[in-house]
Amino acid sequence: MSMNNSPNLFLDPNANRFQVNIINESHDNNETSQENVCSDPPHYEETSFTEEAHNRLKISYRPEKRELFDSFLQNGEKTEASLHPYDTHSNMYYLQTFGHNTMDPVPKIDYYRNTGSVSGNKLNRPSLLEIHEQLAKNVAVNTSSVERVANGEGTAGEDTAGSKEEENKTGFVKFGWVKGVLVRCMLNIWGVMLFIRLSWIVGQAGIGLGVIIILLATMVTSITGLSTSAIATNGFVRGGGAYYLISRSLGPEFGGSIGLIFAFANAVAVAMYVVGFAETVVELLKESDTIMVDESNDIRIIGTITVVCLLGISVAGMEWEAKAQVILLVVLLVAIANFFIGTVIPTNNEKKARGFFNYQASIFAENFGPAFRDGEGFFSVFAIFFPAATGILAGANISGDLEDPQGAIPKGTMLAIFITTIAYIGVAICAASCVVRDATGNVNDTVVSGMSCNGSSACTLGYDFSRCRSQPCDYGLMNNFQVMSMVSGFGPLITAGIFSATLSSALASLVSAPKVFQALCKDNVYKALHFFAKGYGKNNEPIRGYVLTFVIAMAFILIAELNTIAPIISNFFLASYALINFSCFHASYAKSPGWRPAFRYYNMWMSLFGALLCCGVMFVINWWAALITYAIELFLYIYVTYKKPEVNWGSSAQALYYINALDSALALTTVEDHVKNFRPQCIVLTGAPMTRPALLDITHTFTKNNGLCICCEVYMGPRKLCVKEMNSGMAKKQAWLTKNKRKAFYAAVAADSFRDGVKSLLQASGLGRMKPNTLVIGFKKDWRNATAVQVENYVGVIHDTFDFELGMIIVRISQGFDISQVLQVQEELEKLEQERLALEAAIKDNEFEEGKPGFCGFLRKATKLSISKQETKKESTINTTQSMHVGEFNQKLLEASTQFKKKQGKGTIDVWWLFDDGGLTILIPYILTIRKKWKSCKLRIFTGGKVNRIEEEKLVMASLLSKFRIKFADINIVCDINMKPSKESWKFFEEMIEPYRLHESCKDITTAEKLKRETPWKITDAELEAFKEKSYRQVRLNELLQEHSRAANLIVLSLPVARKAVVSDHLYMAWLEILSKNLPPVLMVRGNHKNVLTFYS
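Dropping the structure here:
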């Protein structure tokens, strides 16, 4: 089958790139298809990509299934096309993709949509598990597959048709790039400045510097336009304009802060433009002597009426607003054309007296250089002009209403910047080539014969305006703001142009502010503002946002102090431009594979330059306004960062965090390890972190802000189930660590046994130099009730740890660590409480029906009584359940699970440093003492020694610790470690190991050998005799610990090491049991016998 190479092919939403035949797995069909393939050579024909392609979806049935499908289709619930492409786990049907029966679908856009996509329903492709696992055979069609189709997981044709139907039904109004972007941007950029300030600017700066000022402002907006285009073409753009672009690129912190001030700036800009319009109207009223009250109040009255009218146009819908914009643009273009026409119409004496002489080379030459007056300079004039160049985001701000934002925003924005810049430069040059800087307006000020002109162009043209040097004049570029009206062919058209410019800008801002604000509120960045997220009508119009914008605009119109607020508003817009440029730079710099803008004409360093340029212009315009803008933005940034909105937009900040972390990790690999930089980097076998919080807490105490901590869990059982459970819980458990402020990672593995899983973790955990060097594990309190395999796995983990040359810490507390049962009880009680609350709510909802008369009221009362009875029964069940669980609720276990979270009172950490393991046994307690919760505890050191050398041993240990700069409260030399334990203690130990002894010496050789083969894990008499001295030592150490350290806050003890294949697992567990029994929390520590301490600098 050949594909149509027409370029329209890829734009057709109904394009069906492959033939879909849903067929059953029938041997007859397979044979027939194979015969056809073998008998005929390949026939290439053009595939239809029209609606007819959907008719290719055919269903063939097994004879016995025909009735089932007939009844299913006749119900009217589903059509042939509604069967999901991969309902193959529910029935026998496959997709025929490229002529091959398979569950694998071809690439399709519907698989990549977001869940809430408005442009089409999201489809779920078959999971890797469904494709990889063996397909179940002979499974009848069931209702589950029908429900999946009913929930929107239909075929491509159905989804496209449904999307079109929805669009036609709701009547969305979408704009193209001309009406949606180009027109809006041109109207917003061309402001009142074009008509009443541009002539003054070119008079002050001259043609040369005036053009540079215009180009400099255009440079800022052009760079921002390029950055906007790049961001807008890097994926689907929704409503929200500048806020959406910045937030999706830099994250909610920057987006939330700039979105709020940008929406506010647009709202206040409405007031600014409306007041500009009102001032022009009041000037006309003043000329005709028809002032209503006074100038200030007339501005308020006219401004209020204007805002109400504009609000009505906006609320009427985007379609009406767009029509109004087009009309205003036509008026504006006519006004500009009127000016250019006026420059070539021959002037008269009255206009000559006011300084207009048509195009004159002498005037051009005279006005080419600057002539700054009244304290003005290049940057002050630039600051006055720059607001005239803003407005480039007018199209992007309604991105949600554009038909194709990705194509419209770049084309419309950049073309608008180009056209408006040409117009500004053209008007500036034409005005400065026709009009002199100063003129008196008196037709009698002509040149007297014999008078020297001194290079004055007006003088050479027959007029003497020399008295303007000594006294102020009312006409000329420098003095008359109505130069364009004077020059134009028909003056009232310029007034119409001023009206058009002000009203169009006000209308654009009145639409932009609510749209941006609605997008911000929808994202719930500021939860208090979510009220304004609701939209109304076919275009989801933000009516509440319109009202809020109206109120803000009215407030500033009534205050009428816009001269103060105007610089701040300009700086708000500039801050938005700066962040858009920085967003483009940041996204490029982060080098994320997801940064693939279709718009290629940008450069990340140019964007960075544009961001810095915007920041510089902010200070040029008004330094105190710039500081206020930065302060407000910083405050909002800190607020949003503190609140941490639950959103994940894949921002470039996330990408850069990854790049920085990766670079740091790679840089760390070049740094050789040094003993001075040693820090405990721990794997903690917590399982799910919330089930053993105490084990995590004690580890976190000495790794927080100091070393790596990885909470690990081993899933055992069938791999399919394990992997599914593991993957589903990964994010939840890491989120629990984050929520509980535990600076730790979570990792899990699926393995056949606990030991195999830990072995994998020991070898593969970590990255580069950030690799674990210590394993932390809880003591297996139930080892005597566990199976031999479980004990073997536990002890095997210890052996593996030493094999891989890691340190080992075994932690024991009297109550144990696992609180999973307590958590289950709490979850059950919470569910019961929720059910109780739901019942109460149901009864309250029915209470108001009680008073209604008639039979229906009686029925409602009966229903209420029934519910009340059910509630009473349910409450009694709840109370019974609660009372039942109170006895089981292990309060001591809960208290034990939080004991390491509490601040430890004054006490001691007793360190029994019996064997030199490289220093880990002394380093761990030292780190604990410098932590806030443990700093009240002092170190007491216990070590072995000889009776006749107690003082010398103390001095040696004190000297060693002082060289290591480790403070201690006391040193105790224990001389009787090797004494035999008491008979009671030894008897207890013998009774403990009795169930695990083989007693082969009491049996004949044949029986003994048989027992060894059947129970190789049991303790033999020979083994017990060989390690009797070591067993004595463990029992004796417990007696000494009971004697000296019973009152300690924590005991840190050298962990005994058992030789592999020599000491049996149960004997080793008995040593650990007797060593740490009936004591405060114990850390049994053994380093990897490599130095972790040094006394060298």
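Counting in my numbering, the sequence shown runs from 6 upward without gaps.
No residue lacks a Cβ here, since even glycine has one placed at the ideal position from N, Cα and C.
Here the structure is a predicted model, which means the values were calculated and not measured.
Residues near residue i in its chain [Cβ-Cβ closer than 6 angstroms; skip 5 each side]
i, result
"residue 713", "686 and 775"
"residue 91", "Residue confidence is low: residue 91 scores 41 on pLDDT, short of 50, so the model does not pin down where it sits. Its coordinate-derived value is still stated next. 108 and 131."
"residue 657", "254, 591, 592 and 595"
"residue 711", "684"
"residue 77", "Note that residue 77 has pLDDT 42, beneath the 50 cutoff, so the model's placement of it is unreliable and the number below is only indicative. So the list is empty, once near-sequence residues are dropped."
"residue 550", "519, 522, 523 and 537"
"residue 717", "688, 690, 752 and 766"
Contact under 9 angstroms by Cβ, residue i with residue j
i, j, result
"residue 270", "residue 393", "no"
"residue 1081", "residue 926", "no"
"residue 231", "residue 606", "yes"
"residue 781", "residue 700", "yes"
"residue 416", "residue 182", "yes"
"residue 441", "residue 462", "yes"
"residue 936", "residue 709", "yes"
"residue 652", "residue 692", "no"
"residue 261", "residue 402", "no"
"residue 562", "residue 308", "yes"
"residue 597", "residue 660", "yes"
"residue 1094", "residue 977", "no"
"residue 1085", "residue 1056", "yes"
"residue 1042", "residue 815", "no"
"residue 544", "residue 406", "yes"
"residue 186", "residue 428", "no"
Close beta carbons around residue i, own chain, < 7 angstroms, minus the five adjacent residues each side
i, result
"residue 411", "237, 238, 242 and 603"
"residue 538", "523, 526 and 527"
"residue 548", "320 and 541"
"residue 704", "687, 689, 714 and 781"
"residue 615", "225, 228, 229, 232 and 586"
Assigned secondary structure, residue i (DSSP; H/G/I helix, E/B strand, else coil)
i, result
"residue 266", "helix"
"residue 942", "strand"
"residue 236", "helix"
"residue 1097", "coil"
"residue 809", "coil"
"residue 26", "Residue placement at residue 26 cannot be trusted, given a pLDDT of 42 that sits under 50; what the coordinates show is reported in the next sentence. Coil."
"residue 817", "strand"
"residue 128", "coil"
"residue 780", "strand"
"residue 693", "coil"
"residue 441", "coil"
"residue 916", "strand"
"residue 41", "Low confidence applies to residue 41: its pLDDT is 45, below 50, so where it sits in the model is not reliable, and the reading given next is rough at best. It is helical."
"residue 724", "helix"
"residue 775", "strand"
"residue 1018", "helix"
Other residues of its chain near residue i: CB distance less than 8 angstroms, five sequence neighbours each side excluded
i, result
"residue 289", "500"
"residue 419", "227, 230, 231 and 234"
"residue 331", "184 and 188"
"residue 297", "290, 303 and 306"
Quick check: the stretch 979-992 against the stretch 1030-1038, are at least 3 beta-carbon pairs closer than 8 angstroms?
yes
Starting from the N-terminal side, write out each stretch of the alpha helix (DSSP H) that is 4 residues or longer and does not extend beyond the stretch 368-407.
Whole alpha helix (DSSP H) segments, 4+ residues: 383-390.
Can we say the stretch 607-620 touches the stretch 580-589, given the rule of at least three CB pairs closer than 8 angstroms?
yes
Evaluate the contact criterion for the stretch 623-642 versus the stretch 569-578: three or more CB pairs, one atom per stretch, below 8 angstroms.
yes
Touching by the beta-carbon criterion (3+ pairs, under 8 angstroms), the stretch 804-814 and the stretch 902-921
no
Go through the stretch 960-993 residue by residue and report every complete run of the beta strand (DSSP E) that reaches 3 residues or more, in order.
975-979
If you scan the stretch 1058-1094 from start to end, which runs of the beta strand (DSSP E) of 3 or more residues do you find wholly inside it?
1087-1091
Would you check if the stretch 712-731 and the stretch 955-972 touch, i.e. whether three or more CB-CB distances between them fall below 8 angstroms?
no
Counting Cβ pairs, one atom from each stretch, are 3 or more of them under 8 angstroms apart for the stretch 490-508 and the stretch 189-196?
yes
Unbroken alpha helix (DSSP H) runs of length 4 or more, entirely within the stretch 733-771: which are they?
759-769, all fully within the stretch 733-771.
Please specify which runs of the beta strand (DSSP E), each continuous and at least 3 residues long, are wholly inside the stretch 470-500, giving them in chain order.
none
For a minimum of 3 consecutive residues, which ranges assigned as the beta strand (DSSP E) are wholly contained in the stretch 519-556?
none
Unbroken stretches of the beta strand (DSSP E), 3 residues or longer, contained in the stretch 665-717:
687-689
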